[in-house]
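Working notes for the structure below.
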Amino acid sequence: MMKKNLTLILAAVAIIAAAVSCQKEDTTILDGEFDISVGASFADTKALAEVGNNLTATFATTEKIYVYNTTTSAMLTGYLQPDANAASATLKGTLTGTISTGNSLKLIYLKDAIDYNGQDGTLAGLAGGFDYATATVTVSSVSSGSVTTSAASFAPQQSITKFTFPVSVNSLTISEPNGLVQSVATDGTETKGDITVTLATPSTTVYVALRNNSAAKQTYIFDVTDNAGKTYQGNKSANLLAARNYATSIDNLHEYVDMGFGVKFATCNLGASSPTEIGDYYAWGETEPYYEAGYATESPCEHWKLGKTGYNWTSYKFNSSGNETPVFTKYDGFFELEMSDDAVRVNPDWGGNWAIPNSQDLETLCLDAISTISYVENYNGSGMNGHLFTSKVSGYEGNSVFFPFTGNRWSVWCYYDASFYWSARTGWPGDNDTKIKAYTMRNSGEKMTVSLLDRFCGFAIRPVISPNRK
Numbered sequence: 131m132m133k134k135n136l137t138l139i140l141a142a143v144a145i146i147a148a149a150v151s152c153q154k155e156d157t158t159i160l161d162g163e164f165d166i167s168v169g170a171s172f173a174d175t176k177a178l179a180e181v182g183n184n185l186t187a188t189f190a191t192t193e194k195i196y197v198y199n200t201t202t203s204a205m206l207t208g209y210l211q212p213d214a215n216a217a218s219a220t221l222k223g224t225l226t227g228t229i230s231t232g233n234s235l236k237l238i239y240l241k242d243a244i245d246y247n248g249q250d251g252t253l254a255g256l257a258g259g260f261d262y263a264t265a266t267v268t269v270s271s272v273s274s275g276s277v278t279t280s281a282a283s284f285a286p287q288q289s290i291t292k293f294t295f296p297v298s299v300n301s302l303t304i305s306e307p308n309g310l311v312q313s314v315a316t317d318g319t320e321t322k323g324d325i326t327v328t329l330a331t332p333s334t335t336v337y338v339a340l341r342n343n344s345a346a347k348q349t350y351i352f353d354v355t356d357n358a359g360k361t362y363q364g365n366k367s368a369n370l371l372a373a374r375n376y377a378t379s380i381d382n383l384h385e386y387v388d389m390g391f392g393v394k395f396a397t398c399n400l401g402a403s404s405p406t407e408i409g410d411y412y413a414w415g416e417t418e419p420y421y422e423a424g425y426a427t428e429s430p431c432e433h434w435k436l437g438k439t440g441y442n443w444t445s446y447k448f449n450s451s452g453n454e455t456p457v458f459t460k461y462d463g464f465f466e467l468e469m470s471d472d473a474v475r476v477n478p479d480w481g482g483n484w485a486i487p488n489s490q491d492l493e494t495l496c497l498d499a500i501s502t503i504s505y506v507e508n509y510n511g512s513g514m515n516g517h518l519f520t521s522k523v524s525g526y527e528g529n530s531v532f533f534p535f536t537g538n539r540w541s542v543w544c545y546y547d548a549s550f551y552w553s554a555r556t557g558w559p560g561d562n563d564t565k566i567k568a569y570t571m572r573n574s575g576e577k578m579t580v581s582l583l584d585r586f587c588g589f590a591i592r593p594v595i596s597p598n599r600k
């Protein structure tokens, strides 16, 4: 009997011991305070290196590293700090929260928060204010209020780019379709949108830190205001990877004027290099002129591209009949011009947000409430006549855009009886399907009027940035 009781007592002691042992080996600290130590280094430099200007990734003992538990989706209270001013350091601190062995932690290295809108466009400004990098570690042990993890290898989260512009930049706004990261909070939360950089001293060179959004190629749009207050837009397609240094020229800037009703008009025609040049003539929906480069106004023209005999139905791309009775392979009816057939959008020197104007864009420009329209001879001493549109919209008064008198092309001839500009719209439903809305200006100085013209005619195009053409 005693032996049996002794056996029961020993068994009970073993159970209690096991329970105590399990309690001591409990791998979770619930809502507790604990010390943490992480060995850390940088996987990359800070992306930019120029002679005499090295921007390298180094820790500073005054900086803070925040910790997000990705396993539990919770931010831990407190922060870590490096023990040395060096590229490799031990990060130490006291944190509060819930943590377990095997948890994945995201270490967020930044100066309390990053605001990419706070950039000043200089190399020194980047070196001093944009040290955003992250690392992922795994909790290896938790015991007695102390936590250890795997080593941390920090990777910078932005690329750094040296942009060169053909004008002296006062301010610059950069956008891309998915939205750039504007700011990062201490818990890693990102706010997306456009980034605006304002320079204290205007310069043709602008250094910008861009938070990488995608490994895919993106088109970045650049809205520029120069030191004279003129506005421009250009674009660049690139694959910008984090922790990389890039140098690129934005050489397709085009000046525009905002007339105050949501549409920005380029200051010159497609194919022109100044507001007083005619530019090129296009059939509707065609993305190139019919004539060889340099022969826009030759009359009669003898320099045609292969397959073109003049501005006629035989030359027209979407006519399958091959004669003067068109049979359309596309746009047979009431249509808006597709971007793939938009001479502005597919032009590599324009592209981006630029497009042929919608009929609504041109009709609104002509409204008495929107613009004062003046016929001007010898505009700015150029010898070119045309129409000057000056905004009446509050806040945009005085903004003006000049449409030169271009004439037009028909058959092999260049005529100057009237000036025409294409819109992106065919006629009205029920109208003659062979004709397209064009906007006519006579040399006599009459206001711009709407006409329906054969789509093979060679007319000018004024590029716009419009919410009606995306």
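Residue 131 is where the sequence shown starts when you use the numbering used here, and the numbers rise one by one after that.
No residue lacks a Cβ here, since even glycine has one placed at the ideal position from N, Cα and C.
Please give the ranges of any alpha helix (DSSP H) in the segment 474-517, keeping only runs that are unbroken, at least 4 residues long and fully inside the region.
489-495
Rounded to whole angstroms, what is the Cα-Cα separation between L210 and T192?
10 Å
Alpha carbon to alpha carbon, how far is F550 from V580? Give it in angstroms, no decimals.
10 Å
CB E163 to CB T226, shorter than 8 Å?
yes
Which residue or residues does DSSP assign as beta-bridge partners of V299?
S333 and D356
Just list the residues that DSSP pairs K322 with in beta bridges.
V311
Buried or exposed: where does K593 fall if 16 or more other Cβ atoms within 10 Å of its Cβ makes it buried?
In the sequence under discussion, the amino acid at residue 593 is Pro, which differs from the Lys named in the question. Flag for P593 reads buried.
How would you call A373, buried or exposed, if buried means at least 16 neighbouring beta carbons within 10 angstroms?
buried
The beta strand (DSSP E) enclosing G364, as first and last residue numbers:
T361 to A368
Rounded Cβ spacing between T231 and S270 (contact assumed at less than 8 Å):
7 Å
Environment of T279 [buried if 16+ CB atoms lie within 10 Å]:
buried
In terms of DSSP beta bridges, what is P286 paired with?
A263
What separation, rounded to the nearest whole angstrom, lies between the Cα atoms of G259 and L400?
42 Å
Would you mind listing the alpha helix (DSSP H) stretches within the segment 207-261 that are 4+ residues and don't spill past its ends, in chain order?
253-259
Local Cβ density within 10 Å of S553, reported as buried at 16 or more and exposed below that:
buried
CB-CB length for Q312 against I304, believed under 8 Å:
Not confirmed; about 10 Å, so no contact.
Given a threshold of 16 other Cβ atoms within 10 Å of its Cβ, counted over all protein chains shown, does R416 qualify as buried or as exposed?
Note on identity: in this sequence residue 416 is Glu, with Arg being the wrong assignment. Per the 10 Å Cβ criterion, buried.
Going by other Cβ atoms of all chains shown within 10 Å of its Cβ, with 16 needed for buried, is Y441 buried or exposed?
buried
Quick check on D388: does DSSP put it in helix, strand or coil?
strand
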